[in-house]
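To start, the structure itself, in structure tokens.
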Amino acid sequence: MKENKKIILRVENIHKSYGKEKILKGVSFEIKKGETKVIIGPSGSGKSTLLRCINQLTIPDQGKIFLENEEVTHHKKEINQFRQKMGMVFQGFNLFDHLNALKNVEIGLVKVKKMDKKAAKEKAIEELKQVGLKKQANLYPAQLSGGQKQRVSIARALAMDPKVMLFDEPTSALDPELIGEVLEVIKKLALAGMTMVVVTHEMGFARSVANEIIFMEDGMIKDQGTPYKMFNNPEHERTRKFLYKITELYGKSEE
Amino acid sequence: MNENLAVIYQSFPYLIRGVIITIGLVTGALGLGFAMGIPMAVGQVYGNKYISGIISFYVWFFRGLPVLVLLFLFYFGLFSLLGFNLSAFTAAILVLGLRSAAYQSQIFRGSIQSLNEGQMLAARSIGMTKVEAIWHVILPQALRISIPGWSNEYAILLKDSAVTYAVGVMEILTRANFVATRTYRPMPIFLTCAVIFIVLTYGGVKLLDLLENKVKIPGYGEER
Amino acid sequence: METITFIREILLAPLLEGTIVTLKLIAFSIPLGLFFGILIGTGRVYGNKFVSSFCTIYTLFFRGSPLLVQLFILYYGLPSIGIFFSPFVAAVIGFSLCSCAYHSEYIRGALQSIKSGQMMAAEALGMTRFKAILYIILPQALRRAIPGCSNEIIYLIKYSSLAFIVTCVELTGAGKIIASRYFEYTLIFAVVGAIYLLIVSIVTKILNILEKKLEIPGIG
Chain A
959 MKENKKIILR VENIHKSYGK EKILKGVSFE IKKGETKVII GPSGSGKSTL LRCINQLTIP
1019 DQGKIFLENE EVTHHKKEIN QFRQKMGMVF QGFNLFDHLN ALKNVEIGLV KVKKMDKKAA
1079 KEKAIEELKQ VGLKKQANLY PAQLSGGQKQ RVSIARALAM DPKVMLFDEP TSALDPELIG
1139 EVLEVIKKLA LAGMTMVVVT HEMGFARSVA NEIIFMEDGM IKDQGTPYKM FNNPEHERTR
1199 KFLYKITELY GKSEE
Chain B
669 MNENLAVIYQ SFPYLIRGVI ITIGLVTGAL GLGFAMGIPM AVGQVYGNKY ISGIISFYVW
729 FFRGLPVLVL LFLFYFGLFS LLGFNLSAFT AAILVLGLRS AAYQSQIFRG SIQSLNEGQM
789 LAARSIGMTK VEAIWHVILP QALRISIPGW SNEYAILLKD SAVTYAVGVM EILTRANFVA
849 TRTYRPMPIF LTCAVIFIVL TYGGVKLLDL LENKVKIPGY GEER
Chain C
11 METITFIREI LLAPLLEGTI VTLKLIAFSI PLGLFFGILI GTGRVYGNKF VSSFCTIYTL
71 FFRGSPLLVQ LFILYYGLPS IGIFFSPFVA AVIGFSLCSC AYHSEYIRGA LQSIKSGQMM
131 AAEALGMTRF KAILYIILPQ ALRRAIPGCS NEIIYLIKYS SLAFIVTCVE LTGAGKIIAS
191 RYFEYTLIFA VVGAIYLLIV SIVTKILNIL EKKLEIPGIG
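See below:
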């Protein structure tokens, strides 16, 4: 059912170099409300850098980012406002080690959104409940498993009520048994209508959740299309080869 | 400004003679501390309860008291009491040295204890006595590991040498004070004095860095 | 004169007075040194070029030169350009300035040991750099710096004895004054030493308790 949904995020011609090495060579795409785009590709293709350019944790050398038609790039002062509307989940979780799970989710609400402490606590508990970790609210990151840590970090990002969620290889640092619980949460989120960009190697997940799969290599988008098209009839031989290898490694879809 | 520079220039030779005294103090104290620190560290790690206890007490005493108090206690008190007639310079070296021994022993102890147990086991298993093992296997490694900590001790000792002003040793600060009171120009003189110490501190640390690189064991401590 | 009588009648009161001065000196210098140490350490790691360079040069000077020389500059040097401090104030300023340089090094090391992901996650939530440093980075770094900073605090207690040399009569000074009059150096400085050992032991205990209270599973 293709409704004419509004465009939440537009990435226009992003270039980024580190010293002499060009990491991103002109990447553009857009994503509509409620869509899930999955970015795949070999290491070094610039996927993570691209994600960090979207919320300006890395400043691109060239190109523009638009969030709901407002330009994000070149707005040094308002960047913090924009970041509140974009949730990011990191490969390394990056939970605040000195705060327990509840406070990790709360702190953005209290210190950035300046919410009332009581309201913030209630919201935080609710978010933890949504990811299945209400009981672990008082535990510290060092006391949580990898999967639990990642779910807390998802709750932390969601608590800010973002317009778009950015996932940077959310399960790559997890032990295999723990990957499932995190993918469950992300899937639930997608089905509930969250707009998201997910960088991942999990092909089964990509096939079942993505509206569109983007294949990146060497800092450029080489191919894109629906999961059906990409897995069965991609435009480029390279895409087919990559997907074949990855599916071999990570297993087929869980459909 | 010119008068300030002139005063510094004129008093420089006098101050530099103080540098020689200071270096003498530091070398003597570091040397004494080294000579005592190693046996003390070995005693604490490998000795029995009594030896270890005595050494611990010594360390606690000489680390717990301020340098100034130790200087007064020994120079004006104990040395006279025991009948020693020492010059301020000699007394200062002794006191600073005894104190440095306390600190150095802990540096060496830490290094010895950080070594793999297996070193001692392997040495004994090829028939070495404990003493031989310590001398040929443990210490060569422990001493190299100790260089950074020892470098720190050098810096601390150098700065502490200024406290010997209080017992009249003619080191850099004492001389600076002498010049300052005679020329009525305390600021440039004391600032110069500070700079001299800074140069000696960082210069010495740099030299010790070079030493560390020279005696480095190839590949030591690096993970494969 | 009997030793015990000597101690009770002649020694005790001045030494007690001196001890109070020592305690006052450290009561001011420790928090000041710690506070400015945090500022300088943070400035060195997160400040812009000017701030960072200033903090580096500051640390170089105050850690490279002896505390006693710094005290001389403050108490005997500054008057020649019109700035006069009382012995007590000069001592507190000197101790604070010097101590903060050492604290700043421990804090700097701790800050640099915090994973970069912490700052990234804080900024991703929309925190400004300043907020991220204040609420996320410093709380963790300060816990890591506790052993080093505790060490420096103990050093300060001992070096407070140098205040005497710029004529602020604290514990050591009180002892010296009586000792010069009665020539009882050994006895007097044994007592003085014992008092320092006592103060250091008590403060060490307090710092240990503080460290335990601030413990967080997984940090430090």
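Sequence lines, in order, name chains A, B and C.
Numbers in the working numbering are just positions in the first sequence, counted from 1, shifted up by 958.
Numbers in the working numbering are just positions in the second sequence, counted from 1, shifted up by 668.
Numbers in the working numbering are just positions in the third sequence, counted from 1, shifted up by 10.
Using N, Cα and C, we set each Cβ at its ideal position, and we do this for glycine too.
Length of the line joining the Cα atoms of residue i and residue j
{"i": "R792 of chain B", "j": "Y771 of chain B", "result": "29 Å"}
{"i": "A674 of chain B", "j": "Y833 of chain B", "result": "25 Å"}
{"i": "P41 of chain C", "j": "L733 of chain B", "result": "22 Å"}
{"i": "F174 of chain C", "j": "A120 of chain C", "result": "34 Å"}
{"i": "K980 of chain A", "j": "A142 of chain C", "result": "30 Å"}
{"i": "V687 of chain B", "j": "A1100 of chain A", "result": "53 Å"}
{"i": "I226 of chain C", "j": "N716 of chain B", "result": "37 Å"}
{"i": "L762 of chain B", "j": "G977 of chain A", "result": "57 Å"}
{"i": "G894 of chain B", "j": "A131 of chain C", "result": "Nothing about residue 894 of chain B can be reported from this structure: the residues present for chain B run from 669 to 892 only."}
{"i": "C159 of chain C", "j": "Y206 of chain C", "result": "19 Å"}
{"i": "P24 of chain C", "j": "A189 of chain C", "result": "11 Å"}
{"i": "R892 of chain B", "j": "L1086 of chain A", "result": "Low per-residue confidence applies at R892 of chain B: pLDDT is 48, beneath 50, and the placement is therefore not dependable, though the value from the model is reported in the following sentence. One C-alpha to the other measures close to 42 Å."}
{"i": "G183 of chain C", "j": "A1095 of chain A", "result": "56 Å"}
{"i": "G1104 of chain A", "j": "L1136 of chain A", "result": "7 Å"}
{"i": "V1157 of chain A", "j": "F776 of chain B", "result": "51 Å"}
{"i": "E194 of chain C", "j": "V737 of chain B", "result": "14 Å"}
{"i": "F1040 of chain A", "j": "L1067 of chain A", "result": "15 Å"}
Where residue i meets chain B, residues with beta-carbon distance less than 9 Å
{"i": "A200 of chain C", "result": "L741, G745"}
{"i": "Q189 of chain C", "result": "Position check: residue 189 of chain C holds Ala in this sequence, whereas Gln was assumed. Residues of chain B passing the Cβ test: F740, F744, G745."}
{"i": "L172 of chain C", "result": "P734, V735, L736, V831, A834"}
{"i": "S114 of chain C", "result": "Under the 9 Å cutoff, chain B gives no residues; its nearest Cβ is about 16 Å from S114 of chain C."}
Residue i: contacting residues in chain A (beta-carbon distance under 7 Å)
{"i": "A134 of chain C", "result": "N1013, L1015, R1041, M1046"}
{"i": "I146 of chain C", "result": "F1054"}
Cross-strand partners of residue i (DSSP beta bridge)
{"i": "Y994 of chain A", "result": "First, the amino acid is wrong: residue 994 of chain A is Thr here, not Tyr. Answer is A:M1154."}
{"i": "R968 of chain A", "result": "A:E988, A:F1024"}
{"i": "Y976 of chain A", "result": "A:E979"}
{"i": "G1183 of chain A", "result": "A:I1171"}
{"i": "L1124 of chain A", "result": "A:M1046, A:V1155"}
{"i": "M1178 of chain A", "result": "A:E1175"}
{"i": "E1029 of chain A", "result": "A:F1024"}
Contacts of residue i in chain C (Cβ-Cβ under 9 Å)
{"i": "Y870 of chain B", "result": "L70, G74"}
{"i": "L749 of chain B", "result": "Y195, T196"}
Chain A residues whose Cβ lies nearer than 8 Å to that of residue i
{"i": "T138 of chain C", "result": "N1038"}
{"i": "K222 of chain C", "result": "Per Cβ cutoff of 8 Å: no residues; K222 of chain C is ~16 Å from chain A at best."}
{"i": "I117 of chain C", "result": "Ordered by position in chain A, no residue passes the 8 Å Cβ test against I117 of chain C, which lies about 15 Å from the chain."}
{"i": "Q128 of chain C", "result": "N1052, F1054, D1055"}
Under 8 Å by beta carbon: chain C residues contacting residue i
{"i": "N845 of chain B", "result": "F82, Y86"}
{"i": "L859 of chain B", "result": "I83, G87"}
{"i": "I866 of chain B", "result": "L70, F71, G74, S75"}
Below-7 Å beta-carbon distance, residue i vs any chain A residue
{"i": "Y56 of chain C", "result": "no"}
{"i": "I226 of chain C", "result": "yes"}
{"i": "P157 of chain C", "result": "no"}
{"i": "A131 of chain C", "result": "yes"}
CB contact below 7 Å: residue i versus chain C
{"i": "I989 of chain A", "result": "no"}
{"i": "N1062 of chain A", "result": "no"}
{"i": "F1189 of chain A", "result": "no"}
{"i": "R892 of chain B", "result": "Any reading at R892 of chain B needs caution, since the residue's pLDDT is 48, under 50, leaving its predicted position unreliable; the model's value is listed next. For R892 of chain B, the answer is no, since every Cβ of chain C falls outside 7 Å of its Cβ."}
{"i": "K1069 of chain A", "result": "yes"}
{"i": "F904 of chain B", "result": "Nothing about residue 904 of chain B can be read from this structure; chain B reaches only from 669 to 892."}
{"i": "M855 of chain B", "result": "yes"}
{"i": "A862 of chain B", "result": "yes"}
Min CB distance residue i to chain B below 7 Å
{"i": "K141 of chain C", "result": "no"}
{"i": "I175 of chain C", "result": "yes"}
{"i": "K168 of chain C", "result": "yes"}
{"i": "T214 of chain C", "result": "no"}
Under 9 Å from the C-beta of residue i: neighbouring residues of chain A
{"i": "Q150 of chain C", "result": "F1054, D1055, H1056"}
Partner residues on chain C for residue i, Cβ-Cβ distance less than 7 Å
{"i": "I1065 of chain A", "result": "Y145"}
Any chain D beta carbon closer than 7 Å to residue i
{"i": "I794 of chain B", "result": "Among the chains of the structure shown, chain D does not appear; the protein chains present are A, B and C."}
Per-residue contacts from residue i into chain B (C-beta, under 7 Å)
{"i": "L79 of chain C", "result": "A small correction: the amino acid at residue 79 of chain C is Val; Leu does not occupy that position in the sequence shown. Within 7 Å Cβ-Cβ: A830, L841, F858, C861, A862, F865."}
Interface residues of chain B facing residue i [CB-CB closer than 8 Å]
{"i": "V210 of chain C", "result": "G732"}
- Message: Beta carbons nearer than 9 Å to chain C: which residues of the region 826-843 of chain B have them?
- Response: L826, K827, D828, S829, A830, V831, Y833, A834, I840, L841
- Query: Name the residues in the region 1111-1145 of chain A whose C-beta lies less than 8 Å from a C-beta of chain C; which are they?
  - Reply: S1111, R1114, A1115, M1118
- Quick one: which residues of the region 686-719 of chain B get their C-beta closer than 8 Å to a C-beta of chain C? List them in chain order. none
- Item | Contact residues within the region 1067-1101 of chain A, judged by C-beta distance below 7 Å to chain C | K1069, V1070, Y1098, P1099, A1100, Q1101
- Item | Near-chain C residues of the region 970-1000 of chain A - C-beta to any C-beta below 9 Å | none
- Task: Name, going along the chain, the residues of the region 671-682 of chain B whose beta-carbon falls closer than 8 Å to a beta-carbon of chain C.
- Result: none
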